[in-house]
Amino acid sequence: MSQEFQIVYWWKKRNKPTSFIKIVDASKLSICLDYFLSIYQGQFTVSVRGHEAYFDLDPDLSTIFEAIPKVLTKLTKDTNHALEIDFFEQGTDVGMLMERQDNVIQIRFETAPGSGMRFKFLPETYITVPAKQFLEQWLQFIRDVLKALLELQPELVSDESYQQYCTQLERVESQV
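Take the sequence shown: its position 61, counted from the start at 1, is 98 in the working numbering, and no numbers get skipped.
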């Protein structure tokens, strides 16, 4: 089976880390992600049947990270309406709308006047991809990010926010 939905990603250490501001009321997982993004730079590309949307790890991943397990959980079964992952940063401003019916997920990108030029070519109609591929690709991407966070801060494994996030991913994985 061909890859109708794929997420390709990379990151490397920055030559000079960016400033890191520890937010007092943020979860340890969020703080660790922000710390990771201050040290590493990179991209992830969401490819939907040959239509590619390129996103920067910082800031785009940080804006969607907490929502990913919730959205994936809802997409393990049929949906009654479109769910959205909202890449809302200035220069990105792209929504990825998804609906599941049976074993397929329909994906549509929604751009706005403030969307970056690299997103203007994305189709405005729904594109259908296998649900299993969609969920597996997101799970692999997020698991690799979590692995990188643990390499940076091994004590994160015992943190409640990390454990809750992983539990949500495990629920999704069990239903793929």
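Glycine residues also receive a C-beta, built at the ideal position from the N, C-alpha and C atoms.
Item	Value
Among 106, 91, 164 and 53, nearest to residue 45 - alpha-carbon criterion	91
For residue 155, the three-state DSSP class (helix, strand or coil)	helix
Environment of residue 154 [buried if 16+ CB atoms lie within 10 Å]	exposed
Pairwise C-alpha distance: residue 187 and residue 194	7 Å
Ranges of the alpha helix (DSSP H) found wholly within the segment 77–148, counting only runs of at least 4	105–111
Supposed contact pair residue 166 and residue 141 - C-beta distance, whole angstroms, cut 8 Å	7 Å
Which listed residue (137, 133 and 158) has its alpha carbon closest to that of residue 147	133
C-beta atoms of residue 174 and residue 43 nearer than 8 Å	yes
Reduced DSSP secondary structure (H/G/I, E/B, other) of residue 165	strand
Residue 138 versus residue 182 - alpha carbon distance	29 Å
Per-residue burial, residue 61 [other beta carbons within 10 Å of its own, 16 or more giving buried]	exposed
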